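Heads up: the sequence lines are chains A and B, in that order.
Counted from 1, the first sequence has number 121 at position 77 by the working numbering; the numbering is strictly sequential.
Counted from 1, the second sequence has number 116 at position 72 by the working numbering; the numbering is strictly sequential.
Take a look at the structure set out below.
Number of protein chains: 2
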Amino acid sequence: MTRALTRKGEATRARIVAGAAAEIRERGVDEVRLEDVMARTGTSKGQLFHYFPDGKDGLLLAVAQHEADQVLIDQEPMLSNLTSWPAWLAWRDRLIERYLAQGVKCPLNGLLGQTGRRAPGAQAIVTGLMWRWQKAITDGIRHMQSTGDIAADVDADRAAAALLAGIQGGVLLLLSTGKIDHLEAVLDLTIDSLRAGARTGGS
Amino acid sequence: MTRALTRKGEATRARIVAGAAAEIRERGVDEVRLEDVMARTGTSKGQLFHYFPDGKDGLLLAVAQHEADQVLIDQEPMLSNLTSWPAWLAWRDRLIERYLAQGVKCPLNGLLGQTGRRAPGAQAIVTGLMWRWQKAITDGIRHMQSTGDIAADVDADRAAAALLAGIQGGVLLLLSTGKIDHLEAVLDLTIDSLRAGARTGGS
DNA sequence: GCAAAAATGGACCTGCAAGTCCAAAAATCG
DNA sequence: CGATTTTTGGACTTGCAGGTCCATTTTTGC
Numbered sequence: 045m046t047r048a049l050t051r052k053g054e055a056t057r058a059r060i061v062a063g064a065a066a067e068i069r070e071r072g073v074d075e076v077r078l079e080d081v082m083a084r085t086g087t088s089k090g091q092l093f094h095y096f097p098d099g100k101d102g103l104l105l106a107v108a109q110h111e112a113d114q115v116l117i118d119q120e121p122m123l124s125n126l127t128s129w130p131a132w133l134a135w136r137d138r139l140i141e142r143y144l145a146q147g148v149k150c151p152l153n154g155l156l157g158q159t160g161r162r163a164p165g166a167q168a169i170v171t172g173l174m175w176r177w178q179k180a181i182t183d184g185i186r187h188m189q190s191t192g193d194i195a196a197d198v199d200a201d202r203a204a205a206a207l208l209a210g211i212q213g214g215v216l217l218l219l220s221t222g223k224i225d226h227l228e229a230v231l232d233l234t235i236d237s238l239r240a241g242a243r244t245g246g247s
Numbered sequence: 045m046t047r048a049l050t051r052k053g054e055a056t057r058a059r060i061v062a063g064a065a066a067e068i069r070e071r072g073v074d075e076v077r078l079e080d081v082m083a084r085t086g087t088s089k090g091q092l093f094h095y096f097p098d099g100k101d102g103l104l105l106a107v108a109q110h111e112a113d114q115v116l117i118d119q120e121p122m123l124s125n126l127t128s129w130p131a132w133l134a135w136r137d138r139l140i141e142r143y144l145a146q147g148v149k150c151p152l153n154g155l156l157g158q159t160g161r162r163a164p165g166a167q168a169i170v171t172g173l174m175w176r177w178q179k180a181i182t183d184g185i186r187h188m189q190s191t192g193d194i195a196a197d198v199d200a201d202r203a204a205a206a207l208l209a210g211i212q213g214g215v216l217l218l219l220s221t222g223k224i225d226h227l228e229a230v231l232d233l234t235i236d237s238l239r240a241g242a243r244t245g246g247s
């Protein structure tokens with residue numbers, strides 16, 4: 045059904061998505077016109093509407109999915125291996141590094157705001173991302189509990205929810221203030237808090 | 045200089061801002077046209093541009109300021125009186141209540157996204173809001189330290205930064221998922237963590 | 001009550017960016 | 001190689017929302 049793309053076509057489609065994503069990252073969703081995407085990717089209007097019959101909305105949706113996937117990919121392999129305290133710290137460092145590099149440009153924030161209301165699919169993409177992200181953190185906490193590094197009476201789901209919220213807020217505040225401090229504080233304090241819970245027997 | 049508004053004019057201006065804010069809360073920034081604001085507030089195009097010579101951008105900026113102020117007002121008098129654990133819990137409850145009622149409609153998220161890039165002032169509004177918010181939390185923590193309810197070795201600024209980030213992320217996740225769980229988790233766990241620090245002497 | 005200033009209404013203009021359409025070129029496949 | 005399908009280019013249409021303008025009414029201040 046969706047099989048009607050030759051290899052060349054698939055390449056062009058991918059090029060459009062990647063180019064649009066880059067353009068949006070650099071200049072913001074509402075500043076990017078289809079013409080900009082065309083110029084950057086060396087494509088024509090006919091091509092855009094050939095590969096995205098729903099027009100800009102469809103393209104934005106594809107870009108959102110692309111960017112959402114990238115968020116988790118950027119955290120690997122750390123995120124899937126939260127099996128020791130050094131591993132947790134490595135993940136922490138990766139997050140800081142990634143968002144420090146990204147700076148004030150948040151693709152998803154804008155994409156959700158712009159696309160969110162229109163396409164019901166955009167909401168689903170972000171929800172899916174958050175769900176996968178939280179699941180990975182929960183798994184990490186559970187693993188640490190199995191090795192006794194985190195107290196067994198910690199509610200892994202709840203703790204992961206809080207940590208994920210902290211990260212999101214930290215990134216949001218990075219966008220607003222330009223400072224990484226909030227993200228650092230929330231990561232360090234939350235992880236420390238999990239760590240402190242390990243001392244089941246006492247100091 | 046800016047004194048050229050009669051009482052009637054001031055009332056009209058305020059009505060426009062309030063009406064635009066409500067419209068935006070209900071339908072999202074990018075869905076609201078000037079015509080919608082005019083219809084809702086019973087004003088004409090001439091009036092809009094009379095009170096907001098910079099057009100839509102100026103209006104959006106005024107709305108952003110209006111909404112930012114409201115965020116803090118909604119937390120009073122709790123936010124300015126974080127002087128005992130029951131007071132902290134009352135504040136927590138107020139936050140949950142407020143954002144539960146607000147649901148999926150976040151005025152500032154959209155406003156920052158839309159206005160942020162254009163007007164440099166929008167960024168400043170959000171930054172100012174965050175700064176004031178964090179300052180109130182820091183003051184609360186410091187007060188609790190002065191009464192011995194929170195350990196003296198807690199870095200109040202850092203802890204406040206983390207809590208604020210958690211709240212922002214909790215709200216963001218409420219927008220994405222529709223669930224209040226993240227906000228609840230982050231508030232409870234973070235406040236508990238501050239509380240635990242009070243036991244300076246040991247368990 | 002009267003001049004000046006402010007408030008109001010609404011017709012009109014304008015630009016731009018999304019979306020349409022079709023014809024030409026290139027690839028696929030037997 | 002020839003038929004069919006996909007890919008590509010770009011001129012053209014369209015709708016709409018922001019913004020301009022000015023004429024009219026109301027308020028202000030003396």
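Note that beta-carbon positions come from the ideal geometry of N, C-alpha and C, so glycine has one too.
The model shown is predicted, which means the values in this text are computed figures rather than measured ones.
Rounding to the nearest angstrom, what Cα-Cα distance links D98/A and Q109/A in this structure?
For D98/A and Q109/A, the distance between alpha carbons rounds to 16 Å.
Assess contact between the segment 229-242 of chain A and the segment 198-211 of chain B, defined as three or more Cβ pairs (one per stretch) separated by less than 8 Å. Is contact present?
Contact between the segment 229-242 of chain A and the segment 198-211 of chain B is present, with at least three C-beta pairs closer than 8 Å.
Same chain, Cβ closer than 8 Å to I140/A, five either side skipped, listed in chain order:
The answer, listed in chain order, is I224, L227, E228, L231.
What residues of chain B sit near V170/A, judged by a beta carbon separation below 7 Å?
Simply S220.
For the alpha helix (DSSP H) containing V115/B, list its first residue and its last residue.
First-last of the alpha helix (DSSP H) with V115/B: 100-117.
For K149/A, which residues of its own chain have a beta-carbon under 6 Å away from its beta-carbon, when the five flanking residues on both sides are left out?
Beyond the five residues adjoining it in sequence on each side, K149/A comes within less than 6 Å, by CB distance, of R69 in the same chain, given in chain order.
What does the Cβ neighbour count give for E120/A, buried or exposed, with the cut at 16 atoms within 10 Å?
E120/A is exposed by the Cβ-count criterion.
Considering G214/B, what are the terminal residues of the alpha helix (DSSP H) in which it resides?
Counting along the chain, the alpha helix (DSSP H) containing G214/B begins and ends at 200-221.
Spatial neighbours of G53/A within its chain, please: CB distance less than 8 Å, with the 5 preceding and 5 following residues excluded, ordered by chain position.
Cβ-Cβ distances below 8 Å link G53/A to Y95 in the same chain, with the five nearest sequence neighbours on each side left out; the list follows chain order.
Return helix, strand or coil for G72/B, following the three-state DSSP convention.
G72/B falls in the coil class under three-state DSSP.
For the 8 Å Cβ check, are there 3 or more pairs between the segment 206-217 of chain B and the segment 208-221 of chain A?
Output reads yes: the segment 208-221 of chain A touches the segment 206-217 of chain B.
Measuring CB to CB, does I60/B end up less than 8 Å from L92/B?
Yes.
Nearest neighbour of L63/B, chosen from W175/B, A180/B, V107/B, W177/B [CA to CA]:
Going by the sequence as given, residue 63/B is Gly instead of Leu. Per the Cα distances, V107/B.
Let me check understanding here. Comparing Cα to Cα, which of E79/B, K179/B, G86/B, M188/B lies closest to P22/B?
Only positions 45 to 247 of chain B appear in this structure, which leaves residue 22/B out of reach.
For the alpha helix (DSSP H) containing L139/A, name the first residue and the last one.
That run of the alpha helix (DSSP H) goes 129-146.
Please list the partners that V230/A has in chain B, where partner means a Cβ-to-Cβ separation under 7 Å.
Correct list: A206, A209, G210.
Quick one: list the residues of chain B neighbouring D225/A, beta-carbon separation under 7 Å, in chain order.
Scanning chain B for C-beta atoms nearer than 7 Å to the C-beta of D225/A yields A205, reported in chain order.
Integer Cβ distance of T221/B from T171/A, believed to fall under 8 Å:
Contact check for T221/B and T171/A: beta-carbon distance about 6 Å, within the 8 Å limit, so the pair qualifies.
Using the Cβ count rule (16 or more neighbours within 10 Å means buried), how would you classify I194/A?
Answer is buried; the Cβ neighbour count reaches 16.
Which residues, in chain order, does the segment 172-195 of chain B contribute to contact with chain A at a C-beta distance below 9 Å?
Sequence-ordered contacts of the segment 172-195 of chain B with chain A read L173, M174, W175, Q178 [C-beta pairs closer than 9 Å].
Quick check: the Cα distance between A168/B and L219/A, rounded to an integer number of angstroms?
Distance between the alpha carbons of A168/B and L219/A is about 12 Å.
For N125/B, I'd like the list of residues in its chain whose CB is within less than 7 Å of its CB, leaving aside the five on either flank, ordered along the chain.
Here the set comprises A131.
Output the distance between the C-alpha atoms of R176/B and L217/A, rounded to the nearest integer angstrom.
So the two alpha carbons sit approximately 13 Å from each other.
Identify whether T171/B lies in helix, strand or coil by the three-state DSSP scheme.
Of the three classes helix, strand and coil, the one that applies to T171/B here is helix, per DSSP.
What residue does the alpha helix (DSSP H) around S237/A start on, and which one ends it?
According to the DSSP assignment, S237/A belongs to the alpha helix (DSSP H) that extends over 225-240.
Please report the Cβ distance between L207/B and M174/B, rounded to the nearest whole angstrom; I am assuming they are in contact, meaning their Cβ atoms lie under 8 Å.
The Cβ separation is near 12 Å, so there is no contact.
Is L123/B helix, strand or coil when you go by DSSP?
The three-state secondary structure of L123/B, taken from DSSP, is helix.
Starting from F93/B, follow the alpha helix (DSSP H) in both directions and report where the run begins and ends.
Annotation for F93/B: the continuous alpha helix (DSSP H) segment containing it runs 89-95.
Give me the Cα-Cα distance between A55/A and L78/A, rounded to the nearest whole angstrom.
In a straight line, the C-alpha of A55/A is about 18 Å away from that of L78/A.
Taking the C-alpha atoms as reference points, what is the distance between G147/B and Y143/A?
So the two alpha carbons sit approximately 28 Å from each other.
Classification of R51/A by the beta-carbon crowding that lies within 10 angstroms, buried from 16 upward:
Exposed.
Check the Cβ-Cβ distances between Q146/A and every residue of chain B, and say whether any is below 8 Å.
Q146/A does not count as touching chain B.
Going by beta carbon distance, what residues of the same chain come within less than 6 Å of G184/B, once the five residues before and after it are set aside?
These residues qualify, in order along the chain: L126.
Which of helix, strand or coil does DSSP assign to T21/B?
Since the first residue of chain B shown is 45 and the last is 247, residue 21/B is not available in this structure.
Let me know if T26/B comes out buried or exposed under the rule of 16 or more other beta-carbons within 10 Å of its beta-carbon.
Lying outside 45 to 247, the shown extent of chain B, residue 26/B is not represented and no answer is given.
Under 7 Å between beta-carbons, which chain B residues line up against Q114/A? List them in chain order, please.
Chain B residues near Q114/A: none, gap ~17 Å exceeds 7 Å.
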